[in-house]
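Colleague:
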Amino acid sequence: METTERDQLIGRLLQEGNTLSDVQKVLEEEHGVKLTYMELRLISSELEVNWSAFDPPEPKPVEAEPDVLDAPGPSKTTVTVSKIQRPGAVASGDVTFASGATAEWHFDAMGRLSLDPTGSGERPTEEDVQEFQVELQTVMQGKM
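Residue numbers for the sequence shown follow the working numbering, so the first one is 1 and each next one is one higher.
(1) Roughly how many angstroms separate the alpha carbons of Ser-82 and Pro-59, rounded to a whole number?
(2) Taking all protein chains shown into account, do 16 or more other C-beta atoms lie within 10 angstroms of the C-beta of Ala-128, making it buried, or fewer, making it exposed?
(3) If you draw a straight line from the C-alpha of Ala-166 to the C-alpha of Gly-119, how long is it?
(4) From this set, Asp-22, His-31, Ser-21, Thr-19, which residue's C-alpha is nearest Glu-2's C-alpha?
(5) Looking at Glu-122: is its Cβ nearer than 8 Å to the Cβ of Thr-77?
(6) How about Gly-11 and Leu-42: do their beta carbons lie closer than 8 Å?
(7) If you reduce the DSSP assignment to three classes, tell me which class Gly-142 lands in.
(8) Report the CB separation of Leu-13 from Leu-40 in whole angstroms; it is logged as a contact under 8 Å.
(9) Please classify Thr-96 as buried or exposed, where buried requires at least 16 neighbouring CB atoms within 10 angstroms.
(10) Go ahead and label Val-24 buried or exposed: buried means 16 or more other beta carbons lie within 10 angstroms of its beta carbon, across all protein chains shown.
(11) Once DSSP output is grouped into helix, strand and coil, what is the label at Leu-27?
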């Protein structure tokens with residue numbers, strides 16, 4: 001097989017949608033031509049092949065529906081981050097919950113979150129803690 005015949009065959013196989021590995025197998029099994037993958041890749045780069053046909057189709061954009069959880073109203077829970085960190089803490093600060101309870105919070109080196117009630121010792125409700133986690137995430141993302 002001559003070089004021009006080989007190149008035409010490679011170009012035709014690629015236009016049909018075959019991968020370089022498939023072309024390599026066809027050349028070796030049907031025509032007795034052994035090419036390394038790199039040689040085949042270099043040859044194919046010089047051929048006029050519509051490479052955009054090999055690109056996967058772009059997915060259609062999905063219109064996002066507004067979600068009530070995505071756009072919460074203003075939070076009554078306030079979270080502050082201390083400029084001076086507690087010993088052993090990666091980040092720390094104070095929180096005032098919507099119920100009126102207050103606490104100190106901190107993340108340790110293992111990423112565990114701790115809440116220590118302050119003041120009257122009033123404990124936050126489960127809803128308070130959930131709102132705190134959302135607010136803390138918002139505040140910490142703003143710090144990075």
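C-beta atoms are modelled at their ideal positions from N, C-alpha and C, and glycine is treated no differently.
Modeller: Taking the definition as stated:
(1) 44 Å
(2) Sequence check: residue 128 is Asp here, not Ala. Result: buried.
(3) Here the chain has residues from 1 to 144 only, and residue 166 is not among them.
(4) His-31
(5) no
(6) no
(7) helix
(8) Incorrect: roughly 10 Å between the Cβ atoms, too far for contact.
(9) buried
(10) Note that residue 24 is Gln in the sequence shown here, rather than Val. Classification of Gln-24: buried, given that the 10 Å Cβ count is 16 or more.
(11) helix
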